[in-house]
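In the working numbering, the protein residues as written are 20 to 135.
Set out below in structure tokens:
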């Protein structure tokens, strides 16, 4: 549910605000820090709402799959493009493939661990 919110942010950050890919990724780190802080303090505060807000910010940061459609978030959309564009021409394909491969491997490992 929270991942659906992240889709429009990708285009808005890179084009409307003219931040570019690098600054968009740096700005996106703010969402990670906020999510980690809320998640860490939610246990002390005994607040379920903080957990939900933390998951919202995590969804904006690295949303990957929603319930109905694949919906890449800010980092999952901008990061591979930035890596591919900044890599040398000879390594460009390998860099882009590596990013996608490790993302898929992480999904598979998460499913395998979740089976236990």
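All C-beta atoms, glycine included, are put in the ideal place defined by N, C-alpha and C.
### Message
Here's the rule I'm using: 16 or more other beta-carbon atoms within 10 Å means buried, otherwise exposed. How should residue 121 be labelled?
### Response
exposed
### Query
Taking the C-alpha atoms as reference points, what is the distance between residue 40 and residue 95?
12 Å
### Task
Confirm, please, whether the CB-CB distance from residue 57 to residue 46 is below 9 Å.
no
#### Entry: Complete runs of the beta strand (DSSP E) confined to the segment 42-67 [at least 3 residues]
none
### Message
Rounded to whole angstroms, what is the Cα-Cα separation between residue 76 and residue 61?
### Response
14 Å
### Query
Around the C-beta of residue 113, are 16 or more other C-beta atoms found within 10 angstroms, so that it is buried, or is it exposed?
exposed
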